[in-house]
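Per this note's numbering, the very first residue in the sequence shown carries number 25; after that it's consecutive.
Ideal Cβ placement from N, Cα and C applies to all residues, glycine included.
Note that the structure is predicted; figures quoted are calculated from it, not measured.
Notes follow the structure.
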Amino acid sequence: MTSATVAKTGVQAQARPEKIRRDHKVNWWLTAVVTVLSLTVLVPLYFTVVTALKTPGEAGTFSLPTTWEWHNFADAWNKVNYPKAALNSAIITVCAVVLTLLTNTFVAYAVARNMDKRFFRFLYYFFLAMMFVPFTVIMLPIAKEMGSLHLDNQLGLIILYTILGIGTNLFIAIGFIRSIPISLEEAARIDGASTWRIFWTIIFPLMGPINATIAILTALWAWNDFLLPLITLTDQSNQTIPLAQYVFQSQFTSNYPMAFASYLMAMAPVLIVYIFAQKWVVGGVMRGAVK
């Protein structure tokens, strides 16, 4: 190696860190904008926490409580019957997620691999159109239909979450499936694999990021939803957490501190799940957007 080459390499080595530092320069204006926008989440969260620790007379202000009423959480736990309501919500959420992954992903695979056929293109746009139909338009027909089919229970609610979410799930999954090389499936067919075997042994495992995104979005929807359980469930023993929390609202009075304490307890499980799984949500949506 010549001295000129060594000198050139040394200059490049010295210049590289400077380039890295320049590429990673902090945009303080953008950081300030993001910080200000984050207040749209932090301010309501702060208001919820301080209200949950106040007396009813102090509720409605942003000031810290004069006395910290920690018993509001215990009172809300007993008032809502939190263990029972949380168990109902957990059963519905877990079953809805499992059934959604077992059905919607297979429908997405069938549509993605047959987009050249008119019938499957029609199905694709038909399911996407479901995303633009306001829920208030179909709310009463759904309630009547579920009652006539004797599905006004947890099973009916699980089926509704699976069906009504298929439009969004297909939009996320089809783009990702079409990015998977079809040569993998052709090689499996040469070895004698059926369509079912190809999906469950090749396609479904590769859809890990998309499956995680679909699972998390479905879980957040099923856990926090109020309208579908309200119009579907008729047995009070099957009520979910959002329905059980409705006990705090009445025509003449509202116990805001106890209600906000209950909201925090209901928010905690899904918040913890989302904090640890948000990278899959963002990554899965971005991958699903690739056509």
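Three-state secondary structure (DSSP) of residue i
i: S113; result: helix
i: S87; result: coil
i: S286; result: helix
i: S261; result: helix
i: S278; result: strand
i: V157; result: coil
i: L295; result: helix
i: P266; result: helix
i: P80; result: coil
i: M231; result: coil
i: K108; result: helix
i: W247; result: helix
i: K49; result: coil
Close Cβ partners of residue i (< 6 Å) along its chain, the five nearest in sequence each way excluded
i: L244; result: V294
i: F250; result: P266
i: L194; result: A132 and F151
i: L77; result: P89, W92 and E93
i: M154; result: G191
i: L288; result: A76
i: N128; result: I190 and N193
Cβ neighbours of residue i in the same chain (closer than 8 Å, five flanking residues each side left out)
i: G171; result: T258
i: F144; result: A134, V135 and N138
Unbroken alpha helix (DSSP H) run spanning residue i, endpoints
i: G191; result: I190 to R202
i: E209; result: S207 to I214
i: Y70; result: W52 to A76
i: W220; result: T219 to I222
i: H95; result: H95 to V104
i: N138; result: That residue, N138, is in no alpha helix (DSSP H); it is neither H nor E in DSSP.
i: L175; result: Counting along the chain, L175 falls outside any alpha helix (DSSP H), and DSSP gives it neither H nor E.
i: T256; result: L251 to T256
Cut-off 7 Å between Cβ atoms - residues of its own chain near residue i, not counting five sequence neighbours on either side
i: M282; result: N96, D99, A100, K103 and F272
i: S113; result: W247, T264 and I265
i: T83; result: The residue you asked about is not Thr; residue 83 is Ala in the sequence shown. These residues qualify, in order along the chain: T75, Y280 and P281.
Closest by C-alpha distance to residue i, when choosing among the options
i: A120; options: I190, I182 and L208; result: I182
i: I319; options: V297, L69 and Y148; result: Given a span of 25 to 315 for the chain in the structure shown, any question on residue 319 remains unanswerable.
i: Q260; options: N177, W220 and R221; result: N177
i: L175; options: V58, I255, T64 and T79; result: I255
i: T124; options: L252, T75 and A239; result: A239
i: L188; options: V67, F159, L63 and V122; result: F159
i: L241; options: L252, F284, R137 and V297; result: V297
i: L230; options: V60, S62, I198 and A290; result: I198
i: K168; options: L63, T186 and L252; result: L252
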